[in-house]
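Numbering (my numbering), first residue to last: 92 to 408. All C-beta atoms, glycine included, are put in the ideal place defined by N, C-alpha and C. Heads up: the structure comes next, in structure tokens.
Written out as structure tokens, the structure reads:
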């Protein structure tokens, strides 16, 4: 039945690629991508046709339309090497955690809570920042999965039974979101974290990941998702204990901060004209100089951090 529905969905998707792309999609997508406009148009077409089809809507809340790494035989791991993005593997920890697990005002007027958040008029800078974080990650997942580049999602373990899951007593909105932004792409896989509120893996998942990394042999591993200094830090420490830090960086442009960590912070350096200052986020979060430290403290001392680096390099201003 799933294969039959998936065939219908694929035919709808392939026949709907002429719609112009949304001008808001791709705002934070910084890599230079060939045929980006066509990719954006295909994404928008899927949203306007495929993802409104009753068959897809039913299927999308029943489970994930991407593969669990644990379900793959190890003999197939090496096949995923062809999906590396110039040698890079992306790992996204707990995507959209704020919307589904910390925003306890569920949106019941539309089917996709993330899209609803992105359409809201944010009243405070904290709200703007949280909204734009979600936009940046949504764009990345949509575009990268459509390009068929290798992404491993670390999803909250046992999230459907977790008391913090906002949509626990409703159709599985989180599954629908993940299915929407990953587009049933064969280049996207997932694992569960051991706990829904921590980023570390179980021993079994950790071993499977290590064998997978050995098989695909990425030149670089870039980690995003949420939250910086929390679940991302859990996963980062979990991973680098086994593989070292040389290949691994945390990608500031696709990493989110907890609402609690924004309290008392001056966000002016990170939010310019209502949009994220990607350059500042990259400097603070991705910098090798802050690995293993408290990201919250580096945010609080951002100006001193930048000044110190300018002084060290002899820059003025």
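Which value, in whole angstroms, describes the spacing of the CA atoms of residue i and residue j?
i	j	result
residue 170	residue 304	12 Å
residue 178	residue 149	36 Å
residue 316	residue 228	7 Å
residue 267	residue 238	20 Å
residue 263	residue 371	35 Å
residue 231	residue 116	9 Å
residue 319	residue 226	16 Å
residue 183	residue 287	14 Å
residue 192	residue 350	12 Å
residue 361	residue 218	13 Å
residue 216	residue 187	19 Å
residue 220	residue 367	7 Å
residue 383	residue 339	For residue 383, the predicted model reports a pLDDT of 47, less than 50, meaning its position is unreliable and no value from the coordinates is stated.
residue 357	residue 363	12 Å
residue 104	residue 139	Any reading at residue 104 is ruled out, since the residue's pLDDT is 44, under 50, leaving its predicted position unreliable.
residue 180	residue 173	11 Å
residue 245	residue 185	6 Å
residue 283	residue 248	5 Å
residue 127	residue 151	26 Å
residue 277	residue 312	19 Å
residue 113	residue 131	Low confidence applies to residue 113: its pLDDT is 36, below 50, so where it sits in the model is not reliable, and the reading given next is rough at best. For residue 113 and residue 131, the distance between alpha carbons rounds to 7 Å.
Would DSSP call residue i helix, strand or coil?
i	result
residue 104	A caution first: residue 104 carries a pLDDT of 44, below 50, which makes its placement in the model unreliable, though a value can still be read off. If DSSP states are grouped into helix, strand and coil, residue 104 belongs with the helices.
residue 118	coil
residue 288	coil
residue 240	coil
residue 257	coil
residue 275	coil
residue 354	coil
residue 376	helix
residue 270	helix
residue 293	coil
residue 124	coil
residue 303	helix
residue 324	helix
residue 163	coil
residue 336	coil
Could you pull the start and end residues of the beta strand (DSSP E) that residue i belongs to?
i	result
residue 157	Element bounds for residue 157: n/a, residue is neither H nor E.
residue 344	339 to 347
With distances taken from CA atoms, which of the options is nearest residue i?
i	options	result
residue 207	194, 216, 215	194
residue 373	139, 320, 238, 342	342
residue 299	269, 333, 321, 323	333
residue 279	329, 158, 297, 137	158
residue 141	284, 274, 345, 335	274
residue 223	139, 302, 242, 344	344
residue 347	328, 324, 357, 335	324
residue 166	330, 306, 175	306
residue 314	365, 376, 269, 363	376
residue 257	276, 309, 189	189
residue 271	135, 127, 162	135
residue 289	261, 328, 265	328
residue 118	162, 233, 155	233
Tell me, which residues are paired with residue i by DSSP?
i	result
residue 311	179
residue 245	184, 282
residue 331	Paired residue(s): none; residue 331 is not in a bridge.
residue 366	363
residue 317	347
Taking the alpha helix (DSSP H) that residue i belongs to, which residues open and close that run?
i	result
residue 210	204 to 210
residue 220	216 to 237
residue 150	145 to 151
residue 131	127 to 139
residue 261	Per DSSP, residue 261 belongs to no alpha helix (DSSP H) and is neither H nor E.
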